[in-house]
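This report concerns only the one structure given below.
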Amino acid sequence: MKPLERVKSIKNSKPFKIGDIIVVVLVLVILGLTVWTAMRPRGTYAEVYEEGRLIYTLSLDENREVSVGGEEHFVITVKDGAVFVSHSDCPEQYCVYAGAISSAGSMIACVPNKIVIRITGEGAVKGITS
Amino acid sequence: MNKKSGVKVALLLTAFLSIALLAGCNPPEQYFVFGTFLEIDLSGTSAKTESEIVERLNKTDGLMSATIAGGDIYRINKAAAGEAVSVSAETTALLLLCRELYDLTDGAFNPALRPITALWGFTPETFTLPGSVRVPPDAAVIEEALPLCGFSAEDFTIDKNANTVTKRLSGAELDLGAIAKGYAAEQAAAIAAKASKNASGIINLGGNIFAVGGAQNIGIGNPRTSSLPYFGSLPVSGGISTSGDYQRYYVYEDAVYSHIIDGRTGYPANYSLNYPSKSNIISVSVTCANGAVADALSTSLFVLGYERGVKLLTFYEAGAVFVFDDMTYAVIGIDGFKLNDGAYTEALLKTPR
């Protein structure tokens, strides 16, 4: 191909074919989703575990109340971006006295009821000694 | 053609990256053992290792618990005076460490206090709600129970060759609640480290933490203001345990009675009236390569106060973060402590270390 013809053919060809555009868009969407997942502010969900099994994932942006095993047993309240145990039938009541938690990695454990509430995400610390 | 395959590679890479990022958010496993919660937050371990840890801790709890029938401590507590009770080598070793701590602290750390903690309502069977109003036991009742609570070589004879324990007085009872969880956290960490060289993270047994695979950043629970979950943080490469006045306590006539009883007097460590030299510590966290020592020293330092505490830290090559009731704190023998809650300021103390 002579140099002049090559310039001409490049000028005439479309820079992208339709398939390429779809692939690029797909890549951008997946990249966007990945970045969103990675960058999403952590500590916005409370996970509730009973005997080590995840039973609820509660968004802290949504005020609500959930009962584990009946209302008289164990009630968890999400209010104004924080979560707390509003009622527990356990004798010790540590879980109730623990108050509200909202930061990533924070947790409330009710040992008698074998329930743990944990705020999702990696906190600045690996664990808390208390 | 080249452009297209380049795009394909990019697509594949993105997919891998996404999966890797999404998979990186595994929550730690939680269990309930040792009368508390156990969190295994480790990478590079298998489910088999985790179940091995849980099994091991249940076995240790069986030996060391004062309330599990048939265990070593349970049988010692039920035994009559002069009866030699056979125990495991593990129990013998931990009791000998208790003896050393009892002697070094002049009895401030005392594993034989169970008859008195029961009077104060701080044993599992005699529970009191945190912060609730309760009438403290009568001074005469405590005085009467105190002679039952010695842990000298005469009070409890430990035969380390025969692995037997013999008590001098019927009714004397042990409770390893101030040392066993730190001991067990280290035991769990050792299992994980042995199973895999790549294991990294923490074992958290009811707030007693042991690091696996190098130093981990650990927060110290906030003893006063509750808006921030931890008051400061530090890198920990062995064990860390905390004793504070803010978890188990009750109130009577303006006095706060916390669950940590001074082994010398039989009264709560922070109780001002009957206490010879009031401890003004509201929380103390101890780091040590030995998890049992970290746990036991946190109680000991809470009772003994800052100055004697610092001497003990030197002896055991341990470090500590003290928090005092005037919202000041002191860091001894620890590098890399970071304050998280501005409500606290550093104490102006001479650190003899």
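Those sequence lines, one after another, are chains A and B.
First residue of the first sequence: 3, per the working numbering; consecutive thereafter.
First residue of the second sequence: 3, per the working numbering; consecutive thereafter.
For glycine and all other residues, C-beta sits at the position ideal for the given N, C-alpha and C.
Worksheet item: Comparing the C-beta of I204(B) with each C-beta of chain A, is any distance below 8 Å?
Response: yes
Worksheet entry | Contacts of S235(B) in chain A (Cβ-Cβ under 8 Å) | A126, V127
Worksheet item: Does the segment 260 to 270 of chain B come close enough to the segment 106 to 119 of chain B that 3 or more CB-CB pairs lie under 8 Å?
Response: yes
Worksheet entry | Other residues of its chain near L148(B): CB distance less than 6 Å, five sequence neighbours each side excluded | G268
Worksheet item: Looking at the structure shown, is M66(B) part of a helix, part of a strand, or coil, going by DSSP?
Response: helix
Worksheet item: If you run the structure through DSSP and keep just helix, strand and coil, what is R250(B)?
Response: coil
Discussion item. In this structure, how does DSSP classify C100(B) when only helix, strand and coil are distinguished?
Written reply: helix
Worksheet item: Rounded to a whole number of angstroms, what is the C-alpha to C-alpha distance between G1(B) and T131(A)?
Response: This structure cannot settle anything about residue 1(B), because the visible part of chain B is limited to 3 through 355.
Worksheet item: Between which two residues does the beta strand (DSSP E) carrying P237(B) extend?
Response: 232 to 238
Worksheet entry | Residues of the segment 216 to 234 of chain B whose Cβ lies closer than 7 Å to any Cβ of chain A, in chain order | Q218, N219, I220, G221, I222, G223, S228, P231, Y232
Discussion item. Strictly under 8 Å for the Cβ-Cβ distance: is G37(B) near chain D by that measure?
Written reply: Absent from the structure: chain D. Protein chains present are A and B.
Worksheet entry | Cβ neighbours of E64(A) in the same chain (closer than 7 Å, five flanking residues each side left out) | V80
Worksheet item: Is the Cβ of E52(B) closer than 8 Å to any Cβ of chain A?
Response: no
Worksheet entry | Sequence-distant residues of its chain with Cβ nearer than 8 Å to G216(B) (five each side left out) | S202, S239
Discussion item. Since G335(B) and G321(B) should fall inside the 8 Å C-beta cutoff, what is the C-beta to C-beta distance between them, to a whole number of angstroms?
Written reply: 3 Å
Worksheet item: If you measure beta-carbon to beta-carbon, which residues of the segment 285 to 298 of chain B are closer than 7 Å to chain A?
Response: S287
Item to complete: Anything in the segment 242 to 253 of chain B with a Cβ closer than 8 Å to a Cβ of chain A? List those residues in chain order, please.
Response: I242, S243, T244, G246, Q249
Worksheet entry | Beta-carbon proximity of L156(B) to A68(B), cut-off 8 Å | Note that residue 156(B) corresponds to Glu in the displayed sequence, not to Leu. Against a cut-off of 8 Å, the Cβ pair of A68(B) and E156(B) comes out as no contact.
Worksheet item: Excluding five sequence neighbours on each side, which residues of the same chain lie with their C-beta closer than 7 Å to the C-beta of T47(B)?
Response: A194, A197, S198, A201
Worksheet entry | Cβ of A111(A) within 8 Å of any chain B Cβ | yes
Worksheet item: What does a CB cutoff of less than 8 Å around S235(B) pick up in its chain, not counting 5 residues either side in sequence?
Response: N219, I220, G221, I222, F339, K340, N342
Discussion item. Assuming contact is defined by CB atoms lying nearer than 8 Å, are C100(B) and I204(B) in contact in what I supplied?
Written reply: no
Worksheet entry | Residues of the segment 324 to 344 of chain B whose Cβ lies closer than 7 Å to any Cβ of chain A, in chain order | none
Item to complete: Mind checking the segment 42 to 65 of chain A against chain B and listing, in chain order, the residues whose C-beta falls within less than 8 Å of any C-beta there?
Response: E49, Y51, E53, G54, L56
Fill in: Proximal chain A residues relative to E31(B), where beta-carbon distance stays under 8 Å
G54
Practice prompt. Return the residue from the list E348(B), R58(B), E52(B), P113(B) that minimises the CA-CA distance to I78(B).
Written response: P113(B)
Fill in: Whole runs of the alpha helix (DSSP H) within the segment 305 to 331 of chain B, excluding any shorter than 4 residues
308 to 317
Fill in: Identity of the residue in G73(B), S88(B), T51(B) nearest A164(B) by Cα
S88(B)
Practice prompt. Determine the chain A residues that contact I211(B) at a beta-carbon separation under 7 Å, and present them in chain order.
Written response: G129, T131
Worksheet item: In this structure, what does DSSP give as the bridge partners for V27(A)?
Response: DSSP lists no partner for V27(A).
Practice prompt. In angstroms with no decimal places, state the Cα-to-Cα distance between L315(B) and N292(B).
Written response: 12 Å
Worksheet item: Under a Cβ-count criterion, where at least 16 other Cβ atoms within 10 Å of its own Cβ denotes burial, should W122(B) be classed as buried or exposed?
Response: buried
Fill in: Boundaries (first-last residue) of the beta strand (DSSP E) holding L150(B)
Note, L150(B): premise wrong, no beta strand (DSSP E); not H, not E.
Practice prompt. Using a threshold of 8 Å, state whether the C-beta atoms of M66(B) and L230(B) are closer than that.
Written response: no
Worksheet item: Rounded to whole angstroms, how far is the Cβ of F324(B) from the Cβ of V295(B), which I believe are closer than 8 Å?
Response: Rounded, the Cβ-Cβ distance is 17 Å, inconsistent with contact.
Practice prompt. Please classify V113(A): does DSSP put it in a helix, a strand, or coil?
Written response: coil
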